[in-house]
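Protein chains in written order, with the UniProt record's numbering: chain A, 1 to 230; chain B, 1 to 230.
These notes concern the structure reproduced below.
Protein chains: 2
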Amino acid sequence: MNLIANTCVDCSLKSGAVSVLDNNELCALEEGCAKTEYKKGELIFKEGGLVQHIIYIRKGFVKLVKKGAGGKDFILSVSKQGSYLGIQNLDENIKTNYFSAITLTNSEVCFIDRHCFASLLKQNGEFALKVLSTVLNDEMNYFDRLVKNVQQQLPGRLANTISYFANEVYGENTFALNLTQTEIAALIGTSRESISRILKEFQEMGIIALEHNVLTILNEKKLEEIKQKG
Amino acid sequence: MNLIANTCVDCSLKSGAVSVLDNNELCALEEGCAKTEYKKGELIFKEGGLVQHIIYIRKGFVKLVKKGAGGKDFILSVSKQGSYLGIQNLDENIKTNYFSAITLTNSEVCFIDRHCFASLLKQNGEFALKVLSTVLNDEMNYFDRLVKNVQQQLPGRLANTISYFANEVYGENTFALNLTQTEIAALIGTSRESISRILKEFQEMGIIALEHNVLTILNEKKLEEIKQKG
DNA sequence: GTATAATTGTGATATTAATTACATTTTAAG
DNA sequence: CTTAAAATGTAATTAATATCACAATTATAC
Chain A
1 MNLIANTCVD
11 CSLKSGAVSV
21 LDNNELCALE
31 EGCAKTEYKK
41 GELIFKEGGL
51 VQHIIYIRKG
61 FVKLVKKGAG
71 GKDFILSVSK
81 QGSYLGIQNL
91 DENIKTNYFS
101 AITLTNSEVC
111 FIDRHCFASL
121 LKQNGEFALK
131 VLSTVLNDEM
141 NYFDRLVKNV
151 QQQLPGRLAN
161 TISYFANEVY
171 GENTFALNLT
181 QTEIAALIGT
191 SRESISRILK
201 EFQEMGIIAL
211 EHNVLTILNE
221 KKLEEIKQKG
Chain B
1 MNLIANTCVD
11 CSLKSGAVSV
21 LDNNELCALE
31 EGCAKTEYKK
41 GELIFKEGGL
51 VQHIIYIRKG
61 FVKLVKKGAG
71 GKDFILSVSK
81 QGSYLGIQNL
91 DENIKTNYFS
101 AITLTNSEVC
111 FIDRHCFASL
121 LKQNGEFALK
131 VLSTVLNDEM
141 NYFDRLVKNV
151 QQQLPGRLAN
161 TISYFANEVY
171 GENTFALNLT
181 QTEIAALIGT
191 SRESISRILK
201 EFQEMGIIAL
211 EHNVLTILNE
221 KKLEEIKQKG
């Protein structure tokens, strides 16, 4: 973790929402903002820790982890550049983080003072509406996962997850997983062993290839079938 | 469904968020707003149907239902008076409802034109922030359910649901369920038969009493234990 | 490059909960 | 009040997945 110079006005990795802010507002944002670099596997913030900031991911991939029953980890999602983390914390009543954020790759992150962010929202309703849109969009994705995780069996759930990586996270049909099988298990709520077994099945069926943690989708149609039938 | 007269300015069942709106803004809201009554079991809006409105529940209980794998229903939550439904639809890109809303009891509901609501948000950032807070709060609840549904076994999940009803929905330790066992099953993603069995077990253990669909929590401590151990 | 730690693979067994198939009870409608 | 339709109860069977116990492999650090 290493602080680096930054101006929001010139930032080339601004979020879409920020595009509705004028120069004055961007400068205000900058006041309460600090850019930081993380190496792979570092903790950005910890579940239960005191909340001070909203996080904006400029670069890299970050897993959001929440402790569940019996202290077992659950991975809520994998966030990528352009996402805000901890917008939940805009609510002044919330004192502690709801989940931990841990980098999966080397990453660049902006820390934004939450009061600063909140007053920007209050000042600029259009900005607020944009941010709200983002949050709601995420919520829809969570709904989908909520429903599918509960209604489908493991092969369906793993197929969903592979699609999720390809379409929502990495945007390609070949991608480094950046996650161990234990972590994938924590993402769909199963055991590591089951992940190992089903990944093997998918390979034997010619649906995916997997080498050195780089996954390639070979047969999208079959993958879709498994997503459907569960 | 029966239209009744209404003015937002005088409304005694206003939402907390609306309290930051001034009289002019309330009148604008009123322009795009219509109050309606529903009987138990009626459909307010349907998953996949065209979006026109944001819904505000003035009175009653409403289930939010989403079709999952194989057309099986999943109940996302039970909403009560004071909640907005379909805020997701503020995003202009969203054309269709993400879930259905069906009344569980006789209810009163306001339909708010979504463009009207959106322009209020744009005008009044404080209002937007309040609404955002509400949405984020809901999201935290969904996270909890997401994690627990996946990590816990049936007794734990049912215990969670009973607590959820007592604490979040009905606010009392004795309450009419308003749901059949089939619906409870759709809420935690299991079979009706399993619900029947576990409810019986809970009764035998003296944790709850259940008569004519009115549930009473008899032993909160034991219920808490089951929630913990899963 | 070697040692050590972390991760993955895999069979056997044990649990959990779904499914099937009816019987019974409760509710709603006429 | 009666009857049909919903909803609930319950046992037997089956299916899915967790757990346990190691072996094998791959990464990481020195």
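We treat Cβ as the ideally placed atom computed from N, Cα and C, and that holds for glycine.
Keep in mind it's a predicted model, so treat the numbers as computed, not measured.
Residue-level contact to chain A via CB, residue i, 7 Å cutoff
i                       : result
residue 248 (chain B)   : No information on residue 248 (chain B) is available, as it lies outside the stretch 1 to 230 that chain B covers here.
methionine 1 (chain B)  : Its pLDDT being 44, under 50, methionine 1 (chain B) is placed unreliably in this model, and the value from its coordinates should be taken loosely. Answer no: the Cβ-Cβ gap between methionine 1 (chain B) and chain A never drops below 7 Å.
valine 69 (chain B)     : One point to set straight first is that residue 69 (chain B) is alanine, not valine, in the sequence displayed. It does: the Cβ of alanine 69 (chain B) has a partner Cβ on chain A nearer than 7 Å.
tyrosine 98 (chain B)   : yes
aspartate 73 (chain B)  : no
residue 310 (chain B)   : This structure cannot speak to residue 310 (chain B), because chain B is shown only from 1 to 230.
serine 133 (chain B)    : yes
glutamate 224 (chain B) : no
alanine 5 (chain B)     : Because alanine 5 (chain B) carries a pLDDT of 46, less than 50, the predicted location of this residue cannot be relied on, and the following value inherits that uncertainty. So, not an interface residue.
glutamine 88 (chain B)  : yes
glycine 48 (chain B)    : no
valine 91 (chain B)     : Strictly speaking, residue 91 (chain B) in this sequence is aspartate, with valine absent from that position. Chain A contact via Cβ: present.
leucine 136 (chain B)   : yes
Min CB distance residue i to chain B below 7 Å
i                           : result
glycine 125 (chain A)       : yes
glutamine 81 (chain A)      : no
phenylalanine 202 (chain A) : no
aspartate 22 (chain A)      : no
asparagine 149 (chain A)    : yes
glutamate 139 (chain A)     : yes
lysine 66 (chain A)         : yes
lysine 63 (chain A)         : no
leucine 210 (chain A)       : no
leucine 121 (chain A)       : yes
glycine 189 (chain A)       : yes
asparagine 219 (chain A)    : no
Beta-carbon separation (whole angstroms), residue i vs residue j, contact threshold 8 Å
i                          : j                           : result
leucine 120 (chain B)      : phenylalanine 127 (chain B) : 6 Å
tyrosine 98 (chain B)      : phenylalanine 175 (chain A) : Between phenylalanine 175 (chain A) and tyrosine 98 (chain B) the Cβ distance is about 28 Å, and since that is not below 8 Å, they are no contact.
alanine 101 (chain A)      : leucine 64 (chain A)        : 6 Å
isoleucine 44 (chain B)    : threonine 103 (chain B)     : 7 Å
leucine 158 (chain A)      : isoleucine 195 (chain A)    : 7 Å
asparagine 124 (chain A)   : valine 20 (chain A)         : 7 Å
phenylalanine 74 (chain B) : alanine 186 (chain B)       : 6 Å
glutamine 81 (chain B)     : isoleucine 57 (chain B)     : 5 Å
threonine 36 (chain A)     : phenylalanine 111 (chain A) : 6 Å
histidine 53 (chain B)     : aspartate 10 (chain B)      : Not really, about 21 Å apart at Cβ, beyond 8 Å.
alanine 69 (chain B)       : glutamine 181 (chain A)     : Not a contact, Cβ separation roughly 24 Å.
isoleucine 207 (chain B)   : glycine 156 (chain B)       : About 13 Å separates the two Cβ atoms, so there is no contact after all.
isoleucine 162 (chain A)   : leucine 76 (chain A)        : About 18 Å separates the two Cβ atoms, so there is no contact after all.
lysine 122 (chain A)       : glycine 16 (chain A)        : So it is not a contact: roughly 20 Å between Cβ atoms.
lysine 66 (chain B)        : valine 109 (chain A)        : Rounded, the Cβ-Cβ distance is 33 Å, inconsistent with contact.
aspartate 91 (chain B)     : serine 133 (chain A)        : 5 Å
glutamate 139 (chain B)    : glutamate 139 (chain A)     : 5 Å
glycine 48 (chain A)       : threonine 96 (chain A)      : 5 Å
serine 107 (chain B)       : lysine 59 (chain B)         : 6 Å
Run of the beta strand (DSSP E) containing residue i, from where it starts to where it stops
i                        : result
isoleucine 217 (chain B) : 214 to 217
residue 231 (chain A)    : Here chain A covers residues 1 to 230 and nothing more, so residue 231 (chain A) does not appear.
Extent of the continuous alpha helix (DSSP H) to which residue i belongs
i                       : result
leucine 154 (chain A)   : 154 to 164
threonine 182 (chain A) : 181 to 188
serine 191 (chain B)    : Unbroken run through serine 191 (chain B): none, as it is neither H nor E.
glutamate 172 (chain B) : Segment: none, glutamate 172 (chain B) is in no alpha helix (DSSP H) and carries neither H nor E.
leucine 223 (chain B)   : 220 to 229
heavy atom of the ligand NAP below 6 Å from residue i C-beta
i                    : result
serine 107 (chain A) : As presented, the structure is devoid of all ligands, the ligand NAP included, so that no description of it is given.
Every unbroken alpha helix (DSSP H) within the UniProt domain "Cyclic nucleotide-binding" (17 to 138) of chain A, with a cutoff of 4 residues, ordered by chain:
23 to 31, 114 to 123
Please name the residues in the region 141 to 166 of chain A whose beta-carbon is closer than 8 Å to at least one beta-carbon of chain B, in chain order.
Tyr142, Phe143, Arg145, Leu146, Val147, Lys148, Asn149, Val150, Gln151, Gln152, Gly156
Would you list, in chain order, the members of the region 16 to 44 of chain A that have their beta-carbon closer than 9 Å to a beta-carbon of chain B?
none
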